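Chemist: Below is a structure I'd like to ask you about.
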Amino acid sequence: MAVPLVALRGLTVDFENGGRTSRAVDGIDIEIAPGEAMGIVGESGSGKSVTWLAALGLLPGRARIGGSARIDGQELIGAPRRLLESVRGSRIAMIFQDPSSCLNPVHRIGWQLGEALKLHRGLSGAAVDAEALRLLDQVGIADARRRLSDYPHQLSGGLNQRVMIAMALAGGPDLLIADEPTTALDATIQAQILALLGSIRRDTGMAMVLISHDLGVVAENVDRVAVMYAGRLVEEALGADLFAGARHPYTQGLLAALPALTGPRRRLAAIPGTVPDPWNVPAGCRFAPRCPIAEKRCSTEPPPVHRVGLLHRAVCHRQVEAGFSVWSLPRAAE
Amino acid sequence: MSGLLEVTDLRRYYKVRAGRGPFAAKALLRAVDGVSFRIEAGRTLGLVGESGCGKSTTGKLALGLIEPTSGTVNYAGAAMPPTGGLEWRALRRRIQMVYQDPLGALDRRLPVGAQIMEPLAIHGDATPAERRERAGAVMDSVGLQPHQVDRYPHELSGGQRQRVVLARALMTEPDLLICDEPISALDVSIQAQVVNLLLDLQDRLGIAYLFISHDLRVVRQVSHDVAVMYLGRIVEQGEAESLFARPAHPYTRALVSAIPTTGAGPRRERLLLQGDPPNPVNVPAGCTFHTRCPFATAQCRSEVPLLRTLDDGREVACHRVLESALQVAA
C-alpha cells in the first residue's frame, strides 16, 4: 500500500468502572490510504466506534488509551489539545447515527454551518453565507437558501443527516468517519445518503471509514473491510474477497446469518451464544466459546495473524480453507 | 375457507393540529386508510413500509388495542368484540403481541419467571403449580435455561430478553402473534437465532404471524405473503418470493432495490427515489406516491389508484403497472 493517510498501531482502550477495568479495544492495527474507503463491521460492543473516538481524543477522561494513531505521521494519542483541535474537523471529520441529536435544536441550520466554517476555515461575513449555501447544494438539499433559516426539527431525518454531512465537509477533511450514518433512516433515504457519500468521495477524493453493523451497507460502499469482534480485529480484506471468500469463522457466521434476497429460502445459520461482556472476555481467541471449530489452544492462546491472500488477513488458529464455510458443518447448525 | 384474521377496509384517523399555537387549524391524519388483508391459520403475513406508513397502527387495530374509525376486523369468523370488554379480554389469550424493545416490554423489577407466568394469572386459570410447569415448558421451547427463571431483565442479553417476551406471549397458547419489529433491536448474529425460533414455533405449534418490519430480508425469510404499505394504504400485496423477485409497484421496486447486498447474486434494478415521504397530515391527491414516483403521469396526480389483481394473484395499486414501458428490463 502507498503511504497511509491514517495508521492505527496497537491501539487499546481501557475503561475503568467501579474498580474493574474493561478493555473495549484490544490492539487494533489499521491503515487507511488517501482517498480509500474502508468499512468497519461488527456487532454492538465490538469496539468499532470506540476505536475512532479514541483516535480523535473524543472519549471521556476515565478512558485510558494506549498504542498509536497517526495522521501523516503525526501522533494523535496523548497529543496536546491544540493539535487535536486542528485535526478534528479540518483533517478528520466524523458523522454519527442520529443526526437530530447531533445538531443543536435551538440554533438555525445556517448558524450551525456558519460556526463550522468560521472555526475550520476562518471565513467571516458574506463569505460564510455563500459557502454555507454551496455546501447545502453539494449535499443535495433543494431550496438551500430557505433551509439555512430552518431549525433542525423542521427537517426530516434524511435532511438532517445531509446537514451533518455538509458540516463535516465544511473543514475540507481528508478523512470522513461515518459511524452508522444511515442506521436511523428509512430504507429509501438510506439509499439516498449512501449514494450522496459516494458521489462526494468521487468529487473530492476524500477517504472514508464507514462503520456499520450492516454487511450489505458496507459491501456496496467501500473498497476494503475490517471485521471486529469483542475489541479485536478478526479479519481484513478487499470487499469482494471478504464477501465471496471469508476465512474467519465469525465473518462466515455473520454472512450465513443474513437472509438471502433471491433463490430458495434456507434455514439461517445462527451463531450460538452471545458476545462476551467486556470485563469478562475469554482468554485466547475471544470467539472460541461460540466457534464451531474451536480447539483446545483456541481457548488459551491468542490467535496469530495469518496472511491468507492479497491484502487479506485472518486472525484465527484454525486456517479455514478458502471456499469452505464452517457453518455448513452439521454440528454448527445451532 | 375463511381466514383466521380478516381485516376489511380498516381506517383509523386522528385529529391533529396542522400548525403551531392554540389557533392552528385542525387537520385529519389518516394513519391507516382503507387496509384489507387476511391471514390463514399457521401462515405469516409480512407487513412492510417505512416509518410513519401506518404499519404499527395496523397491528394494533388488528389486535383491537385501538378501535378503528371504520372497517371491520374478523377473528376466526366472528367480529372483534369492543376493546376492553370481557369478550375482548377473553379473546386476547388467542392473540398476543411482541414488540421491538424487549427491555421496554418487560418489568425491570420482576424476575422474568414471574412475568412469563403472569398471562395465566391474568386469565385466571391454572393453579400456581400448573403455571410453573407450563412456564418451564415454554421457556424450554424458546431456548431459555430453567435457572434463568429467577433472573431480572437487566441480567439477560438482548436476545434472551426477546425470548422471554416470546415465552410470555406463548403462555396462553395463542393462534396469532402480532410481531412489531421483533428483531430490529438485536445484533445480526442474534437476529438469526430469533428468526429461526419464530419459524420453529410456527412449525411446531401452527401459530400465525402478522410480522411487521422494515427489514425486507427478514420479511422474505419468514413470510408466506407480504403487504407493502405507503402512507396508510397497501400499495402491493402478494406471495413473498414472487413479490421480492418481481416487485410490480414502483415503490416496492424502490424498496427492494434499496436493500444493500453483499455482492453475490444477479445484478438488480437500481431505483433511487427523490425526496422524503410526504407529511401524513397533508397527503398528495391522487396516488399518494406520485410525488416521488419516477413514472407519475397526470392521471396519477388526480385519481386514486385502487388495488387490482394481476394474473398471478398479486394485488397492485398503480395506474401504470400494466404498461410495457414500465416493465423491469430482464
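These protein sequence lines are chains G and Z, in that order. Quick note, the first sequence lines up with residues 39 to 372 if you use the numbering used here. Quick note, the second sequence lines up with residues 17 to 346 if you use the numbering used here. Just so it is clear, CB atoms sit at the ideal spot from N, CA and C, and this is done for glycine as well. These numbers were taken from a predicted model, which means no experiment stands behind them.
By Cβ distance, which residues of its chain are closer than 8 Å to Z/THR268, with the 5 residues on each side in sequence left out?
Modeler: VAL244, VAL251, GLU252 and LEU259
Chemist: So what does DSSP say about Z/GLU22, is it helix, strand or coil?
Modeler: strand
Chemist: When you compare the CB of G/ILE238 with every CB in chain Z, is at least one pair closer than 9 Å?
Modeler: no
Chemist: Which residues of chain G have a Cβ atom closer than 7 Å to the Cβ of Z/SER173, listed in chain order?
Modeler: THR312
Chemist: Answer with buried or exposed for G/TRP90, where buried requires no fewer than 16 other C-beta atoms within 10 angstroms of its C-beta.
Modeler: buried
Chemist: So for G/ILE179, helix, strand or coil by DSSP?
Modeler: The three-state reading of DSSP puts G/ILE179 in coil, since its state is none of H, G, I, E or B.
Chemist: My parser needs the beta strand (DSSP E) runs of 3 or more residues fully inside the stretch 49 to 118 of chain G; what are they?
Modeler: 58 to 70, 75 to 79 and 101 to 109
Chemist: Measure the Cβ-Cβ separation of Z/VAL51 and Z/GLY302 and say whether it is below 9 Å.
Modeler: no
Chemist: For a contact meaning CB atoms closer than 8 Å, what does G/ARG305 contact in chain Z?
Modeler: ASN212 and LEU215
Chemist: Taking the alpha-carbon positions, what's the Z/VAL204 to Z/VAL158 distance?
Modeler: 18 Å
Chemist: Please state whether DSSP places Z/GLY62 in a helix, a strand or coil.
Modeler: strand
Chemist: Start and end of the alpha helix (DSSP H) containing Z/MET155?
Modeler: 144 to 157
Chemist: DSSP on Z/GLU134, reduced to helix/strand/coil?
Modeler: helix
Chemist: Please tell me whether G/SER82 has its Cβ less than 9 Å away from any Cβ of chain Z.
Modeler: yes
Chemist: Mind checking which residues open and close the beta strand (DSSP E) that includes Z/PHE53?
Modeler: That run of the beta strand (DSSP E) goes 42 to 55.
Chemist: Tell me whether Z/ARG177 sits in a helix, a strand or coil according to DSSP, three-state version.
Modeler: helix
Chemist: Output the distance between the C-alpha atoms of Z/PHE311 and Z/HIS335, rounded to the nearest integer angstrom.
Modeler: 10 Å
Chemist: What does DSSP give as the partner residues of Z/THR88 in its beta bridges?
Modeler: In the DSSP output, where bridge partners are listed per residue, Z/THR88 has Z/THR24.
Chemist: Any beta-carbon of chain Z closer than 9 Å to the one on G/VAL255?
Modeler: yes
Chemist: Once you ignore the five residues that flank G/VAL41 on each side, which residues in its own chain have a CB closer than 6 Å to its CB?
Modeler: For G/VAL41, where only same-chain residues beyond five positions count, there are no Cβ hits under 6 Å.
Chemist: For chain G, is any of its Cβ atoms less than 9 Å away from the one on Z/GLU66?
Modeler: yes
Chemist: Only counting the same chain, and skipping five residues up and downstream in sequence, which positions put a Cβ closer than 8 Å to that of Z/THR313?
Modeler: HIS335 and ARG336
Chemist: DSSP three-state label for G/ALA298, please.
Modeler: coil
Chemist: For a contact meaning CB atoms closer than 7 Å, what does G/LEU292 contact in chain Z?
Modeler: Proximity of chain Z to G/LEU292 at the Cβ level (cut-off 7 Å) is accounted for by VAL204 and SER205, in chain order.
Chemist: For Z/CYS195, does the three-state DSSP call read helix, strand or coil?
Modeler: strand
Chemist: Can you list, in chain order, the residues of its chain with a C-beta nearer than 7 Å to that of G/ALA370? Leave out the 5 residues immediately preceding and following it.
Modeler: Because G/ALA370 carries a pLDDT of 48, less than 50, the predicted location of this residue cannot be relied on, and the following value inherits that uncertainty. Contacts found: ALA307, PRO330 and VAL364.
Chemist: Can you find a CB in chain Z that lies within less than 9 Å of the CB of G/ALA182?
Modeler: no
Chemist: Please report how far the alpha carbon of Z/ASP219 lies from the alpha carbon of Z/LEU226, in whole angstroms.
Modeler: Inter-residue distance for Z/ASP219 and Z/LEU226 is about 15 Å (C-alpha atoms, whole angstroms).
Chemist: If contact means a Cβ-Cβ distance below 7 Å, which residues of the stretch 139 to 170 of chain Z contact chain G?
Modeler: none
Chemist: Which residues in the same chain as Z/PHE272 place their Cβ atom closer than 7 Å to its Cβ, once the five residues preceding and following it in sequence are excluded?
Modeler: Per the sequence shown, the amino acid found at residue 272 of chain Z is Val instead of Phe. Excluding residues within five positions, the ones whose Cβ falls inside 7 Å are LEU232, PHE260 and PRO263.
Chemist: By the DSSP assignment, the beta strand (DSSP E) with Z/ILE111 in it spans what residues?
Modeler: 111 to 114
Chemist: Which of the residues in the stretch 300 to 328 of chain Z, read from start to end, lie with their CB under 9 Å from any CB of chain G?
Modeler: The stretch 300 to 328 of chain Z vs chain G, Cβ under 9 Å: ARG308.
Chemist: Taking DSSP as the reference, what is the three-state secondary structure of G/ALA371?
Modeler: Only weak support is given to the placement of G/ALA371: the predicted model assigns it a pLDDT of 43, under 50, and the value that follows is read from those uncertain coordinates. In the structure shown, G/ALA371 sits in coil (DSSP, three-state: anything other than H, G, I, E or B).
Chemist: As a quick exercise: from Z/GLY35, Z/LYS42 and Z/TYR115, pick the residue whose alpha carbon is nearest that of Z/LYS71.
Modeler: Z/TYR115
Chemist: Which residues, in order along the stretch 245 to 262 of chain Z, keep a beta-carbon less than 9 Å from a beta-carbon of chain G?
Modeler: ALA256, GLU257, PHE260 and ALA261
Chemist: Would you grab the beta carbon distance between Z/GLN237 and Z/VAL211 for me? Rounded to a whole angstrom, and I think it's under 8 Å.
Modeler: 6 Å
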